[in-house]
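Okay, so here's the structure we're looking at.
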Amino acid sequence: RTVHFGSDGKMYVAVGSTCNACAETDPRRAAILRFNPDGSIPSDNPFKNDANTLKRPLWAWGLRNSVDFLWTPGGQMWADHNGSDGMGDNLPPEEIVIPVQGNAWHGWPYCYTATLGVNNAPEVLAPGQTLPGGLSCNDAVPAAFTDLAHSAPLGMQLGVAAPFPAAYQDDLFVAFHGSWNTTLANARDCKVQRIRIEGGQPVGSESLVNGFRAPGEACGGANTFGRPADVIANSAGEMFISDDYADAIYRLIYIGQ
Numbered sequence: 019r020t021v022h023f024g025s026d027g028k029m030y031v032a033v034g035s036t037c038n039a040c041a042e043t044d045p046r047r048a049a050i051l052r053f054n055p056d057g058s059i060p061s062d063n064p065f066k067n068d069a070n071t072l073k074r075p076l077w078a079w080g081l082r083n084s085v086d087f088l089w090t091p092g093g094q095m096w097a098d099h100n101g102s103d104g105m106g107d108n109l110p111p112e113e114i115v116i117p118v119q120g121n122a123w124h125g126w127p128y129c130y131t132a133t134l135g136v137n138n139a140p141e142v143l144a145p146g147q148t149l150p151g152g153l154s155c156n157d158a159v160p161a162a163f164t165d166l167a168h169s170a171p172l173g174m175q176l177g178v179a180a181p182f183p184a185a186y187q188d189d190l191f192v193a194f195h196g197s198w199n200t201t202l203a204n205a206r207d208c209k210v211q212r213i214r215i216e217g218g219q220p221v222g223s224e225s226l227v228n229g230f231r232a233p234g235e236a237c238g239g240a241n242t243f244g245r246p247a248d249v250i251a252n253s254a255g256e257m258f259i260s261d262d263y264a265d266a267i268y269r270l271i272y273i274g275q
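Those letters in the sequence shown? Residues 19 to 275, by the numbering used here.
Set out below in structure tokens:
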């Protein structure tokens, strides 16, 4: 559902899963694919000569629904991830920053990152799942940073220019669509979340733009006013937030305290 071109000139395509938690039969699902701009397979793709032609564009897999991805100034791909449902209000934590590795599995559907916030631990086995023979959750690339389950991270923006204060300029901004299937007591907010970046790594998070729903109400209900879907910024220090509930685009600028 998302296409970006990398600094290597290749076209990267994020493709979601067909299911909540299943072993996909099509290797192109729940994955990030990599192509030449003309749609052909790059000569350095990990499965470029695979007998299964569907596997040839595969770059990274085990990503149920990475709605957006980007590259850091150092060239590392970061992707967000909408995890499986059906595990309760608090599982699995939403994987906000995954340091995507080429030719690697990233956990879904069997494993997930269990730590909330900054993570340095391996993934763990999801409830009700049984790993195929020879596979371990230690083999999965874990998230570097997570947030509350069912927050539904969508579009991402890394960095914003002045006049935003210097403390914001290297941070990651993520559109949270909010939950639809939690209990009301644990409803996740629809908002733009700021992920604080220090030394090139996520260290914490806080709400940047909110107020899209009435207090105590779920996102998408009768008292919802909007649901952020994407966020981008330009070189003039303007941030733009798209809203697929209110069919609107908002402009956010810094005018001082």
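The beta carbon of each residue, even a glycine, is placed where N, CA and C say it ideally should be.
Note to self: If you measure between the beta carbons of residue 33 and residue 47, is that distance less than 8 Å?
What the structure shows: Position 15 of the sequence shown, counted from the start, is the residue given in the question as residue 33. Position 29 of the sequence shown, counted from the start, is the residue given in the question as residue 47. The answer is yes: Cβ separation under 8 Å.
Item checked: Chain-order list of residues whose beta-carbon lies under 6 Å from that of residue 198 (same chain, five-residue window excluded) -> Within the sequence shown, residue 198 is the residue found at index 180, counting from 1. So the list reads 238, once near-sequence residues are dropped.
Next item on the list: Look up residue 91 in the DSSP assignment and give the residues it is bridged to.
Entry: To locate residue 91, count along the sequence shown from 1; it is residue 73. Looking at the DSSP assignment, residue 91 forms no beta bridge with any residue, so it has no partner.
Notebook entry, point to check: residue 282: which of 90, 259 and 97 sits nearest, CA to CA?
Noted result: No statement about residue 282 is possible, as the shown extent of the chain runs from 19 to 275 and does not include it.
Item checked: Beta-carbon separation (whole angstroms), residue 124 vs residue 81, contact threshold 8 Å -> The sequence position of residue 124 within the sequence shown is 106, counting from 1. The sequence position of residue 81 within the sequence shown is 63, counting from 1. So it is a contact: roughly 5 Å between Cβ atoms.
Checklist line | CA nearest to the CA of residue 119, picked from 112, 63 and 142 | finding: Taking the first residue of the sequence shown as 1, we reach residue 119 at position 101. The candidate whose alpha carbon is nearest that of residue 119 is 63.
Notebook entry, point to check: Is residue 208 helix, strand or coil by DSSP?
Noted result: Locating residue 208 in the sequence shown gives position 190, where the first residue counts as 1. Reduced to three states, the DSSP call for residue 208 is coil.
Notebook entry, point to check: Would residue 85 pass as a contact of residue 190 if the rule is Cβ separation under 8 Å?
Noted result: Taking the sequence shown and counting its residues from 1, one reaches residue 85 at position 67. Taking the sequence shown and counting its residues from 1, one reaches residue 190 at position 172. No, these two residues do not count as a Cβ contact at 8 Å.
Notebook entry, point to check: So the beta strand (DSSP E) residue 219 belongs to, where does it begin and stop?
Noted result: For this step, residue 219 is matched to residue 201 along the sequence shown. Element bounds for residue 219: 219-227.
Next item on the list: Note down, in chain order, each residue of its chain lying with its Cβ closer than 7 Å to the Cβ of residue 122, except the 5 sequence neighbours on either side.
Entry: On the sequence shown, position 104 is the one that residue 122 refers to. If we look at residue 122 and ignore the five residues flanking it on each side, its Cβ neighbours are 78 and 159.
Item checked: Alpha-carbon spacing of residue 95 relative to residue 27, whole angstroms -> Along the sequence shown, read from residue 1 onward, the residue named residue 95 stands at position 77. Along the sequence shown, read from residue 1 onward, the residue named residue 27 stands at position 9. Taking the straight line joining both Cα atoms gives about 14 Å.
Note to self: By the DSSP assignment, the beta strand (DSSP E) with residue 105 in it spans what residues?
What the structure shows: Here residue 105 refers to the residue found at position 87 when the sequence shown is read from its first residue. That residue, residue 105, is in no beta strand (DSSP E); it is neither H nor E in DSSP.
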